[in-house]
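To keep things clear, I will list the structure first and then write my remarks on it.
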Amino acid sequence: DPNMKAGATSEGVLANFFNSLLSKKTGSP
Amino acid sequence: PGQLDMLKKAQEFFQTCDTEGKGFIAKKDMQRLHNELPLSLEDLEDVFDTLDADGNGFLTPEEFTSGFSHFFFSQNN
Chain A
2 DPNMKAGATS EGVLANFFNS LLSKKTGSP
Chain B
219 PGQLDMLKKA QEFFQTCDTE GKGFIAKKDM QRLHNELPLS LEDLEDVFDT
269 LDADGNGFLT PEEFTSGFSH FFFSQNN
């Protein structure tokens with residue numbers, strides 16, 4: 002199902018995005 | 219308590235994106251993060267479109283928080 006695949010990809014990109022924000026916050030003094 | 223942490227972080231991240239304090243995030247604000255985060259412009263656009271639930275081209279704090287809460291609670295489970 003292409004829709005399900007797109008949904009899963011978006012979720013991965015979102016997780017990546019928020020994880021980057023989290024590490025940016027904790028990484029800087 | 220988990221809910222409060224989530225809201226705090228969501229607000230913090232919203233302000234990281236909305237550097238001008240407009241009260242919403244436009245696509246160009248998201249693209250600006252390209253310099254700060256290890257994500258491609260395409261990824262950031264994807265993030266924006268996913269969070270922009272009504273597709274009006276603006277991310278409200280509510281839309282942002284809703285998307286973040288999904289991530290936050292899926293990480294904690």
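Those sequence lines, one after another, are chains A and B. For the first sequence, the positions run 2 to 30 when the numbering used here is used. For the second sequence, the positions run 219 to 295 when the numbering used here is used. For every residue, glycine included, the Cβ atom is placed at its ideal position computed from N, Cα and C.
Problem set entry | D270(B) beta carbon near the ligand ATP (any heavy atom closer than 6 Å) | Questions concerning the ligand ATP fall outside what the structure shown contains, since it holds no ligand whatsoever.
Problem set entry | S24(A) at chain B interface by Cβ criterion, 7 Å | Chain B, which has no Cβ nearer than 7 Å to the Cβ of S24(A), makes this no.
Exercise. Is G285(B) buried or exposed, if buried means 16 or more other CB atoms sit within 10 Å of its CB?
Worked result: Buried is the call here.
For this session: Go ahead and pull the three-state DSSP assignment for L251(B).
Result: Helix, per DSSP.
For this session: Using 10 angstroms around the beta-carbon of T268(B), count the other beta-carbons present and answer buried if the total reaches 16, otherwise exposed.
Result: Around the C-beta of T268(B), 16 or more other C-beta atoms lie within 10 Å, and the residue is accordingly described as buried.
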